[in-house]
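J.:
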Amino acid sequence: MSTAKGVVKNIKAPTGTQISCRGWHQEAALRMLMNNLDPDVAEKPDELIVYGGGGKAARNWESYHKIVETLQRLENDETLLVQSGKPVGVFRTHEEAPRVLIANAHLVPKWANWEEFRRLDKMGLTMYGQMTAGSWIYIGTQGILQGTYETFAECARQKFEGTLKGQLVVTAGLGGMGGAQPLAATMNGAAFIGIEVDESRIDRRVETGYCDIKCTNLDEALDKALDAKEKGKPLSIGLLGNVAELLPKMLDRGVIPDVLTDQTSAHDLQLGYIPAGYTLDEAKQKRESEPEGYQSDVLDSMVIHVETMLKMQEEGAVTFDYGNNLRGQVADHRGMEEAFNFPGFVPAFIRPLFCRGSGPFRWAALSGNPEDIYTTDQAVLEAFPEKESLHRWIHKAQEQVQFQGLPSRICWLEYGERAEMGAKFNWLVKEGKVDAPLVIGRDHMDTGSVASPNRETEGMKDGSDAIADWPLLNAMLNTASGASWVSLHHGGGVGIGYSIHAGMVCVADGTEMADERLERVLTNDPGSGVMRHADAGYDEAIKTAQERGVDLPMVE
Ligand code: NAD
Numbered sequence: 054m055s056t057a058k059g060v061v062k063n064i065k066a067p068t069g070t071q072i073s074c075r076g077w078h079q080e081a082a083l084r085m086l087m088n089n090l091d092p093d094v095a096e097k098p099d100e101l102i103v104y105g106g107g108g109k110a111a112r113n114w115e116s117y118h119k120i121v122e123t124l125q126r127l128e129n130d131e132t133l134l135v136q137s138g139k140p141v142g143v144f145r146t147h148e149e150a151p152r153v154l155i156a157n158a159h160l161v162p163k164w165a166n167w168e169e170f171r172r173l174d175k176m177g178l179t180m181y182g183q184m185t186a187g188s189w190i191y192i193g194t195q196g197i198l199q200g201t202y203e204t205f206a207e208c209a210r211q212k213f214e215g216t217l218k219g220q221l222v223v224t225a226g227l228g229g230m231g232g233a234q235p236l237a238a239t240m241n242g243a244a245f246i247g248i249e250v251d252e253s254r255i256d257r258r259v260e261t262g263y264c265d266i267k268c269t270n271l272d273e274a275l276d277k278a279l280d281a282k283e284k285g286k287p288l289s290i291g292l293l294g295n296v297a298e299l300l301p302k303m304l305d306r307g308v309i310p311d312v313l314t315d316q317t318s319a320h321d322l323q324l325g326y327i328p329a330g331y332t333l334d335e336a337k338q339k340r341e342s343e344p345e346g347y348q349s350d351v352l353d354s355m356v357i358h359v360e361t362m363l364k365m366q367e368e369g370a371v372t373f374d375y376g377n378n379l380r381g382q383v384a385d386h387r388g389m390e391e392a393f394n395f396p397g398f399v400p401a402f403i404r405p406l407f408c409r410g411s412g413p414f415r416w417a418a419l420s421g422n423p424e425d426i427y428t429t430d431q432a433v434l435e436a437f438p439e440k441e442s443l444h445r446w447i448h449k450a451q452e453q454v455q456f457q458g459l460p461s462r463i464c465w466l467e468y469g470e471r472a473e474m475g476a477k478f479n480w481l482v483k484e485g486k487v488d489a490p491l492v493i494g495r496d497h498m499d500t501g502s503v504a505s506p507n508r509e510t511e512g513m514k515d516g517s518d519a520i521a522d523w524p525l526l527n528a529m530l531n532t533a534s535g536a537s538w539v540s541l542h543h544g545g546g547v548g549i550g551y552s553i554h555a556g557m558v559c560v561a562d563g564t565e566m567a568d569e570r571l572e573r574v575l576t577n578d579p580g581s582g583v584m585r586h587a588d589a590g591y592d593e594a595i596k597t598a599q600e601r602g603v604d605l606p607m608v609e
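Counting from 1, position 109 in the sequence shown corresponds to residue 162 in the numbering used here; the numbering is continuous, with no gaps.
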């Protein structure tokens, strides 16, 4: 239902083979934009917010309608430019060029802080695009599920002999991304408590099968979780309350988690983290009437939260930052440098994967038919019979993941593997094995596409954490390679001032041209990650480049 130019309720992406655009690339962008705002996918669709605090798909409703209209008239040799969620120009390019180029939330470095961003946002001049919100390739909580599953699995391999069975995982934040944690933990065998201040978020995770049960009382949650831990049974509990209040209470009761992390939206001091003692309504009122006082209360709570995490770490909890800049906030605003005594999840668990060009490859079925995803699942399983954990993941996902919006899948694939699957998927479309084209994309949190010193590029071997040339090169390379749409964002994951990152999406429409574009994009995109890590001196990346023939002039 749409009102003339205003809010659209209950957006659903069109499905099937009838298209309203002049080509599948434009149609795919249109459907994926709409899919991002589907109420089954987005966290707050009425406000155009998809996930991650205030991560939006379009600047405002007027821009949304204009993007839709423009995509529908866009020719196959034209490119639409989107500036922070607003469609600003259409230019003649050529058929193999991207149909859409997106830049979100960029500010000149001296001005790149939240205060300036919010001032400009209020004036209607910019938009926070997070990572996949403003680049139209968010696929719901599954998008982060495998990454979270792999992170917990790697943690288990490193610290608990390969399984989290009999271990207690504690975290906070069950939002769009954080909501993957309970299922990822139980898939690894753990007992799990996720503290969440917004009851509707817990209900949503329970309804969609991501979380087993809700508790409103700490003691009840602890009894149940400790009993499950004792029995070695997987159980996930969404515990209603504020982490800055409940985590210290856990410590007082002498309960030390085996694994401890956090996925509140700590990157955003206004929208992302509710201070202790506040209801959601009180928080909303105070952030509007007294934003500075509110921010100070947020930071007070974060200090308590991080102090408690540090104490639990001292008592033996395997503690890590899960990419929300919680450590950076208390270090930068409260001088609490010791927050960095616990590591970020990338140096702790993910970097070796990045060195092999591995990252979160994802795809969606534009037909809307779940069978198409099962067909692609089968193709992945057949392509990599030796990859045991990939097989385990696909089977678990088939059993336990409910699709949100367009049916989709994610799995981490390496350099070489992604191009192989791109060719396979295009063949499936060409041969009519699936009902309609597939879109293939990825998170911006990937091997070659991000500069984020408190997250993906924390503690790089050569000290190049804050060098942001790499994501720019990645975006330009994907544009030159002929992706269907390419995006370059500022501030995703960790907030304004802290990251620059790029995204790409490529459509498999079964044509020969798609074969060529997919081969180039899905080789070069992860190749740029191998390049970035080889350049930083990681042996594994240098070895990958040598074995797979990635041409790096300065790397011997
Ligand atoms: P979200 O805004 O959808 O959810 C955050 C949740 O935290 C909300 O449900 C909110 O109610 C809850 N919360 C806020 N303050 C709380 C408090 N004091 N106590 C308990 N609960 C509280 O965000 P999201 O999409 O789930 O992302 C969470 C964070 O993780 C963001 O900072 C995001 O940038 C980051 N992130 C990490 C990764 C990764 O790969 N690790 C990927 C994407 C996003």
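Glycine included, C-beta positions come from ideal geometry on N, C-alpha and C.
Quantities reported herein were computed from a predicted structural model and do not represent experimental measurements.
1. In the DSSP assignment, find the beta strand (DSSP E) that holds Lys286 and state where it starts and stops.
2. Does DSSP classify Cys208 as helix, strand or coil?
3. Could you tell me which residues DSSP pairs with Leu292 in its beta bridges?
4. Could you tell me whether any non-hydrogen atom of the ligand NAD is closer than 7 Å to the CB of Ala319?
5. Helix, strand or coil for Thr56 per DSSP?
6. With 8 Å set as the bound, which would you pick, yes or no: does the beta-carbon of Ala384 sit closer than that to a beta-carbon of chain D?
7. Looking at the ligand NAD, does it come within less than 7 Å of Leu227, judged from the CB to the closest heavy atom?
8. Among residues of its own chain, excluding the 5 on either side of Val560, which ones have a beta-carbon nearer than 6 Å to its beta-carbon?
9. Please say whether Gly69 and Gly421 have beta carbons closer to each other than 8 Å?
10. Does the Cβ of Trp164 have 16 or more other Cβ atoms within 10 Å, making it buried, or fewer, making it exposed?
11. Buried or exposed for Lys109, please, with buried defined as at least 16 other CB atoms from any protein chain shown within 10 angstroms of its CB.
12. Using a threshold of 8 Å, state whether the C-beta atoms of Leu288 and Leu236 are closer than that.
13. Taking the continuous beta strand (DSSP E) assigned at Pro413, which residues delimit it?
14. Per DSSP, Ala156 forms a beta bridge with which residues?
15. Please state whether the Cβ-Cβ distance between Pro413 and Arg495 is less than 8 Å.
16. Give the straight-line distance between the Cα atoms of Trp167 and Leu541, rounded to the nearest whole angstrom.
17. Consult DSSP for Arg112 and reduce its assignment to one of helix, strand or coil.
18. If we count Cβ pairs, one from each stretch, closer than 8 Å, do we get three or more for the segment 586-595 versus the segment 390-409?
19. Roughly how far, in whole angstroms, is the beta-carbon of Gly546 from the beta-carbon of Ser505, given that I think they are within contact range, below 8 Å?
20. Does the separation of the CB atoms of Gly232 and Thr194 fall below 8 Å?
21. Pick from Gly369, Ala432, Phe478 and Gln457: whose alpha carbon is nearest that of Ile447?
22. Is it buried or exposed for His147, if we count other Cβ within 10 angstroms and need 16 for buried?
23. Going by the DSSP bridge assignment, what does Ala555 pair with across the sheet?
24. Okay, do the segment 561-572 and the segment 474-486 touch, 3+ Cβ pairs below 8 Å being the bar?
25. Does the distance from the CB of Ala186 to the CB of Val103 come in under 8 Å?
26. With a CB to CB cut of under 8 Å and the five nearest residues on each side skipped, what residues in its chain are close to Asp99?
T.: Reading from the atomic positions:
1. Element bounds for Lys286: n/a, residue is neither H nor E.
2. helix
3. Ile248 and Cys268
4. yes
5. The pLDDT assigned to Thr56 is 49, lower than 50, so where the model puts this residue is not dependable, and the model offers no usable value.
6. No chain D is part of this structure, which consists of one protein chain only.
7. For the ligand NAD, at least one heavy atom lies less than 7 Å from the Cβ of Leu227.
8. Trp77, His78, Ala81, Pro490, Val492 and Ser537
9. Closer than 8 Å, so yes.
10. exposed
11. buried
12. no
13. Gly412 to Ala418
14. Gln136 and Leu541
15. Yes, Cβ-Cβ distance for Pro413 and Arg495 is below 8 Å.
16. 18 Å
17. coil
18. yes
19. 6 Å
20. yes
21. Ala432
22. exposed
23. Leu541
24. yes
25. Contact flag set, yes.
26. Val60 and Lys62
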